[in-house]
Each structure stands twice: as C-alpha cells, then as structure tokens.
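K.L.:
Supplied in structure tokens, the structure appears directly below.
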Amino acid sequence: MIPYATVEEGSMALGRNLTRLEKVWFDYSAAKSDYYLYCHNILFLFLIFSFVPLPLVIVESARSASGWFWFDRYKIQPKVAYSLSDMFRCYRDVMKMFILVVGPLQFISYPTIQMIEIRCGLPLPSLMEIVAQLVVYFLVEDYTNYWVHRLFHCKWGYEKIHHIHHEYTAPIGYAAPHAHWAEVLALGIPSFLGPAIAPGHMVTFWLWIALRQMEAIETHSGYDFPWSLTKYIPFYGGAEYHDYHHYVGGQSQSNFASVFTYCDYIYGTDKGYRFQKKLLHQIKEESKKGNKQTGGEKFD
Ligand SMILES: [Zn+2]
Ligand SMILES: [Zn+2]
C-alpha cells in the first residue's frame, strides 16, 4: 500500500519525478495491501517449484527414455536415470508439502515481516542496494544453514527428519525442496535472518526468495553444465559439490553448505570430497594417457 493517491503526490513527497519503474510499482501496488504483496511469494514459489526444474526433466527424460546419452557427459552420476513417473512422484511430494506447510507458513508469517519492517512503498531501492542486500542474505543464510544442516546429520536428526531429503542419492531438480515438514520450517529461519539483519524493500525480498530457490534447484540438478555458476562465482558450491553430499547419504559428514564452500573448508567438513576429487583427477589423467578407463559414476 502506498500512502499517496496519485503519482504527482508521490513525486511531491519524494521531491523528484518518479522513475519509470517507480511508476510501474505505483500503478501495481498503490491499492494493494502489504499483506497481499507479501503473499505474492506463494505464487512465485509455486511457479519456481513447478517450472524451473522442467528443462532438467526434459534432459533426464531424453537420457532415460530414448537412450540419448549425449547428456551423460554432464550428468554427475550417469548410472542413475529417473523416469518421468519418478520425477512426477517427487514433484507430487513437493506439492503436498507446499500446500500443507510452505503456503500456510507464508500466510501466517506476515507479522515477522512487519516486525522487521520490510517496506512496500516508494522510493524503490537502487540496484546497488538490492545487490548489497542479496549478498548479505546469501552469506547469512549460507552460514546458518550450514549449522542447521550439520545438526540434522546427528543420528536423531537424520533418522527422524533429514533422511527424507536424502531419499534421492542422485539429486534431481524437483528434489531441492523435498524434505520433512520440520526441516522446511527449520530452514525457514536461515532464510529469514538475512532480511531481519538488513531489511529492505518487498521487491528485494521477493527476489531473495526466488533466487534462493532457483539456486537450490540448480544445486540439486544432478548435472554439472558448462554454464554452472561454480565456474564464475568464487567459493560457489554448485551441483557437483552438493551431489557428493547426497551420494554419500546418511553417513555424510561432508559438504553441508547450501551455497558456498568456505564453511566446509573452515570447519574441515570437505576433506572426503576433496580427497575423492583428487583421486578422480588422478584416474582421469592416467586414463588420458591410455593406461586406464574410468567409466561409470563420477563418485565411484
Ligand atoms: Zn544432508
Ligand atoms: Zn540437498
């Protein structure tokens, strides 16, 4: 809700003309309540959970149904192939959780957004402000998520809660939000901490929720594509990094971080992964020389 009746009134209050984007925001949000604007996240999450993994479904189906193995070069665990019905089952479980937990959580969590004073009015944040806040949100979430995730790997946490997320030892895009309801709730805290520390505009908050979920889907894609962010962002974990965590499964005491790699490095929880990577590199080098053929899974 914007406390100005017209664009002119808004311009007067800001002491300058509104930018084109601010006019668009005014037209869209002026008559809508802040609660309604916050609830847009439900639609965004539904669209992201449903449609962002679709290209991965097409790739995976092309591999498993038609035997088109061209994508095997990018598949992290190429021996694992999911059928369309496998992936639909995962999506169905995610949607159940969405309807029963994620959606209702958005409906009732609005008071926290009011408390930390996420603003919905004018002016809109600058690009610099949005980028700076998103960097803070990602760093704060990554650090706290690391510890919550690590806690879930204690015997009780894994057996009672976290094993659901580990059902897919070779992750697929739809498996990113596939988790026990208690884990969904617990991991909401790290996502909320960044905006609580550096509250911004509702548009930034929408972007944060959307980007974090898209990042999680990429991380669970099961494919290490050449355009993976790992190649461009320093300390970014990516699909191969998290895939190792799923591959090792319940016994995994490695690669807990959700986005970056520095926590695992600092706390020494990436030793198994690094050892494995070094070993694979050596095997690859030897194979190149014509001495060996590796084949099979990258984590074998
Ligand atoms: Zn885990
Ligand atoms: Zn995972």
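For the sequence shown, full-length UniProt numbering begins at 1 and goes up steadily by one.
Ideal Cβ positions, reconstructed from N, Cα and C, are used throughout, including at glycine.
Computed from a predicted model, the values in this text were never measured in an experiment.
1) What residue from L279, I58 and L122 has the CA that sits closest to V7's CA?
2) For ligand 2, is there a heavy atom less than 7 angstroms away from the beta-carbon of P177?
3) For E218 and L43, I'd like the C-alpha separation in whole angstroms.
4) Inspect the beta-carbon positions of F26 and G15 and report whether they are closer than 8 angstroms.
5) In angstroms with no decimal places, state the Cα-to-Cα distance between F69 and G173.
6) Going by beta carbon distance, what residues of the same chain come within less than 6 angstroms of K284, once the five residues before and after it are set aside?
7) For D72, which residues in the same chain have their Cβ closer than 6 angstroms to its Cβ, ignoring the five residues on either side in sequence?
8) Counting only the same chain and skipping the five closest in sequence on each side, list residues whose C-beta sits under 7 angstroms from that of G250.
9) So for Y223, helix, strand or coil by DSSP?
10) Are the beta-carbon atoms belonging to G194 and E141 less than 8 angstroms from one another?
11) DSSP puts F69 in a beta bridge; with which residues?
12) Could you check whether M202 and I116 sit closer than 8 angstroms to each other, using their CB atoms as the reference points?
P.N.:
The short version:
1) L122
2) no
3) Rounded to whole angstroms, E218 to L43 spans 20 angstroms at the Cα level.
4) no
5) So the alpha carbons of these two residues sit roughly 19 angstroms apart.
6) none
7) P78
8) Y158, H163 and H166
9) strand
10) Yes, they are a contact pair.
11) For F69, which the question treats as bridged, DSSP gives no partner whatsoever.
12) no
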